[in-house]
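Undergrad:
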Amino acid sequence: MEHAHHNMVASEHSPKEIAKFILVLLGITSASLLLTNYFGPQTFSGFMRWFMGVFFLVFAAFKFLGYAMFVEMFAGYDVVARRSSLYAKLYPFIELSLGLLYVFDLGSTGRDVVTLLIMAVSSVGVYGEIRKRSGIHCACLGNIIKLPLSTVSLVEDAGMALMAIAMLALR
Numbered sequence: 404m405e406h407a408h409h410n411m412v413a414s415e416h417s418p419k420e421i422a423k424f425i426l427v428l429l430g431i432t433s434a435s436l437l438l439t440n441y442f443g444p445q446t447f448s449g450f451m452r453w454f455m456g457v458f459f460l461v462f463a464a465f466k467f468l469g470y471a472m473f474v475e476m477f478a479g480y481d482v483v484a485r486r487s488s489l490y491a492k493l494y495p496f497i498e499l500s501l502g503l504l505y506v507f508d509l510g511s512t513g514r515d516v517v518t519l520l521i522m523a524v525s526s527v528g529v530y531g532e533i534r535k536r537s538g539i540h541c542a543c544l545g546n547i548i549k550l551p552l553s554t555v556s557l558v559e560d561a562g563m564a565l566m567a568i569a570m571l572a573l574r
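Residue numbers (the numbering used here): 404 to 574.
1) Taking C-beta to C-beta, are Phe506 and Leu468 nearer than 8 Å?
2) Taking the alpha carbon of Arg452 as the point to measure from, which residue in Ser511, Phe496, Val555 and Ile548 has its own alpha carbon closest?
3) Could you check which residue in Val516, Arg486, Asn440 and Phe473 has the C-alpha nearest to that of Phe496?
4) Does the pairing of the stretch 484-501 with the stretch 429-444 give three or more beta-carbon distances under 8 Å?
5) Where Met570 and Lys549 are concerned, what is the direct C-alpha to C-alpha distance, given to the nearest angstrom?
6) With a cut-off of 8 Å on the beta carbons, I'd call Phe450 and Ile431 a contact; round off their distance for me.
7) Do Val558 and Gly528 have their C-beta atoms within less than 8 Å of each other?
8) Please list the terminal residues of the continuous alpha helix (DSSP H) segment that includes Ser488.
9) Within 10 Å of its beta-carbon, does Thr518 have 16 or more other beta-carbons around it, so buried, or fewer, so exposed?
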């Protein structure tokens, strides 16, 4: 039962799945640029804030679309979700909340510290699965984009952790 999530959605490394992921990232980047230009501030940290907000909102939405599958799959590789089903169930809500905090520019230092902690902890589980070469499908995009765990989760976890560090450093 430990790896039942492996069979839920098979991961692919096909050009189609990679193209879908690139389109999602381009959409997030485009929306972030438009929001930065329209609402400001028109700085690198302003862009990062919008990017992180839109990113978290989009990725939370993907998780909600396949909520039950996400919860089960996430517990297969996240070190906290493995020990707490409540954390796995709350994770999409945490991302949604972080997204809203970034979009509305609320709680800047606390939001960045929480982002850094959550993404750093998530990175530990992802790294462990990558080392095992388990081939798990990344739960973070539900069943919309079926890429292996390493491809998407490293972008999500390490990228958001690094951006949170940058946001803290640019204060």
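Glycine included, every Cβ here is placed at the ideal spot set by N, Cα and C.
This one's a predicted model, so the numbers in the text were calculated from it and none came from an experiment.
TA: In brief:
1) For the purposes of this step, residue 506 is identified with residue 103 of the sequence shown, where counting begins at 1. For the purposes of this step, residue 468 is identified with residue 65 of the sequence shown, where counting begins at 1. Checking the sequence shown, residue 506 turns out to be Val, not Phe. No, they are not a contact pair.
2) Here residue 452 refers to the residue found at position 49 when the sequence shown is read from its first residue. Of the candidates Ser511, Phe496, Val555 and Ile548, the one whose C-alpha sits nearest the C-alpha of Arg452 is Ser511.
3) The count along the sequence shown starts at 1 and reaches residue 496 at position 93. Ranking Val516, Arg486, Asn440 and Phe473 by Cα distance to Phe496 puts Phe473 first.
4) no
5) On the sequence shown, residue 570 is found 167 positions in, with the first residue counted as 1. On the sequence shown, residue 549 is found 146 positions in, with the first residue counted as 1. Roughly 30 Å separates the two Cα atoms.
6) To locate residue 450, count along the sequence shown from 1; it is residue 47. To locate residue 431, count along the sequence shown from 1; it is residue 28. No, Phe450 and Ile431 are not in contact; Cβ-Cβ is about 11 Å, not under 8 Å.
7) By 1-based counting over the sequence shown, the position of residue 558 is 155. By 1-based counting over the sequence shown, the position of residue 528 is 125. Contact flag unset, no.
8) Within the sequence shown, numbered from 1, the residue matching residue 488 stands at position 85. Looking at the DSSP string, the run of the alpha helix (DSSP H) that includes Ser488 is Ser488 to Val506.
9) Locating residue 518 in the sequence shown gives position 115, counting from the first residue. So Thr518 counts as buried.
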